[in-house]
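Residue numbers (the working numbering): 215 to 567. Using N, Cα and C, we set each Cβ at its ideal position, and we do this for glycine too. Report on the structure given below.
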């Protein structure tokens, strides 16, 4: 229902996304970076991980809910830090809910919990926060002011609601999602959007943090990337504190920038844990092995990206590997998984980075 608005062609052509990017970069990020160097801020410095998570959240929430109803974590540092604290509080406690959901619910009915109470409290606060943004975006769509092709357009929310309506019209009560989604469209939109914004901010924030680390270690890398960016038209040079945004397709054609992002995702896979799948019946072949249907299998991007045959000296961050034998590296790249359950927002993540 939303795969089309996350396609590369749609994102590149989206007037709304371009307008959102202009606002976030020129009125939030650049002023924040300039303010961090002001004499009053001495000693100078900035927590780039926190800032990049804020940038990523502002981008993805604007795309989901429209700029009017999105976050402004770049400027609102206290809200950002509170949100990140809630989010990181939950880490390490997802096993029981994800792997043993029935057991978890059985314990809850007995008034017991397999995880600390404050984990549930953090989850409820984050869910309520997302529901508030989602409801505001839905309400905004019902107002008379046209939002399409503006920064206030909630692209993802609009697409979800249109998809639900189409499914209802085509299948009615026979739809597989009738009782769960079609009868509860507002809650379903909030639930889906929650996945998008939480996944989008963390992975992009981590990637940009590691990339900035490597750039900070090498003036040569900075010089080469700067020269490449200056080849754009317009060239993104600040004029009166504002940056003109080049066409998205131009950014796709910058080999060094693209290689640096891919290598950072490869070396520091933001989602490096196992990604479980269930083998369809009757069976399937994985390499030389026939695996029976119903078997649970998994793979890890962390391990796939350390295949020395494809990525020699795999522990070393070396973006030039993507300039020499790009096809072989691309075949082994699994930063966004693959197949029907690959990362829905992979194109948005690359675009944002």
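**Study point:** residue 266 versus residue 503: straight-line alpha-carbon distance, rounded
**Key:** Distance between the alpha carbons of residue 266 and residue 503 is about 42 Å.
Exercise for review: Determine the direct distance from the alpha carbon of residue 411 to that of residue 301, and round the result to whole angstroms.
Suggested key: One Cα belongs to residue 301, the other to residue 411, and the distance between them is close to 12 Å.
Check your understanding: Got a sec, what are the start and stop residues for the beta strand (DSSP E) residue 499 sits in?
Key -> Per DSSP, residue 499 is one residue of the beta strand (DSSP E) stretching across 497-500.
Practice item. Pick helix, strand or coil for residue 504, following the three-state DSSP scheme. Key: Three-state DSSP puts residue 504 in a strand.
Practice item. Could you tell me whether the stretch 253-260 touches the stretch 288-307, where touching means 3 or more Cβ pairs closer than 8 Å? Key: Taking 8 Å as the limit for Cβ pairs, the verdict is that the stretch 288-307 does not touch the stretch 253-260.
Review point. Given a threshold of 16 other Cβ atoms within 10 Å of its Cβ, counted over all protein chains shown, does residue 466 qualify as buried or as exposed?
Key: Exposed, by the Cβ-count rule.
Point to revise | Inter-residue Cα distance where the pair is residue 227 and residue 424 | key: Roughly 29 Å between the two C-alpha positions.
Exercise for review: For residue 391, name the three-state secondary structure that DSSP assigns.
Suggested key: Judged by DSSP in its simplified three-state form, residue 391 adopts coil rather than helix or strand.
Practice item. Evaluate the contact criterion for the stretch 520-533 versus the stretch 377-389: three or more CB pairs, one atom per stretch, below 8 Å. Key: Contact fails: fewer than three Cβ-Cβ distances are below 8 Å.
Check your understanding: When you compare each of 428, 559 and 457 to residue 474 by their alpha carbons, which one comes out closest?
Key -> It is 428.
Exercise for review: Compare the Cα-Cα distances from residue 459 to each of 448, 469 and 453 and report the closest residue.
Suggested key: The shortest Cα separation from residue 459 among 448, 469 and 453 belongs to 448.
Practice item. Name the residue from 305, 234, 333 and 263 whose alpha carbon lies nearest to the alpha carbon of residue 286. Key: The shortest CA-to-CA distance from residue 286 to any of 305, 234, 333 and 263 is the one to 234.
Review point. How big is the Cα-Cα spacing for residue 554 and residue 215?
Key: Put simply, the backbone Cα of residue 554 is about 13 Å away from that of residue 215.
Practice item. Counting only the same chain and skipping the five closest in sequence on each side, list residues whose C-beta sits under 7 Å from that of residue 549. Key: Shown here for residue 549: same chain residues with a beta carbon closer than 7 Å to its own, the five before and five after excluded, namely 479, 480, 483 and 515 in chain order.
Check your understanding: What's the gap between the Cα of residue 225 and the Cα of residue 457?
Key -> Approximately 20 Å, taken between the alpha carbons.
Point to revise | Candidates 472, 418 and 342: closest to residue 442 by CA position | key: Among 472, 418 and 342, the Cα nearest to that of residue 442 belongs to 472.
Check your understanding: Are there 16 or more other CB atoms within 10 angstroms of the CB of residue 552, so buried, or fewer, so exposed?
Key -> Sixteen is the threshold: since fewer than 16 other Cβ atoms of the shown chains lie within 10 Å of the Cβ of residue 552, the residue is exposed.
Check your understanding: If we count the other Cβ atoms within 10 Å of its Cβ and call it buried at 16 or more, is residue 430 buried or exposed?
Key -> Exposed, since its Cβ has fewer than 16 Cβ neighbours within 10 Å.
**Study point:** Cβ contact (3+ pairs, closer than 8 Å) linking the stretch 267-279 and the stretch 363-375
**Key:** They touch, by the three-pair rule.
Practice item. Tell me where the alpha helix (DSSP H) around residue 547 begins and ends. Key: First-last for residue 547: undefined, no H or E at that position.
Review point. Assuming residue 350 contacts residue 283 under a Cβ cut-off of 8 Å, what Cβ separation, rounded to an integer in Å, is found between them?
Key: The pair is a contact, with the Cβ atoms about 4 Å apart (cut-off 8 Å).
Check your understanding: CB residue 345 to CB residue 401, shorter than 9 Å?
Key -> Their beta carbons are under 9 Å apart, which means residue 345 touches residue 401 by this criterion.
Check your understanding: Straight-line CA distance for residue 396 to residue 372?
Key -> Each residue's CA atom was taken as its position, placing residue 396 and residue 372 some 15 Å apart.
Point to revise | residue 419 vs residue 269 beta-carbon contact at 9 Å | key: Yes.
Point to revise | heavy atom of the ligand MG below 8 Å from residue 510 C-beta | key: Judged by which ligands are present, the structure shown has none, so any question about the ligand MG falls away.
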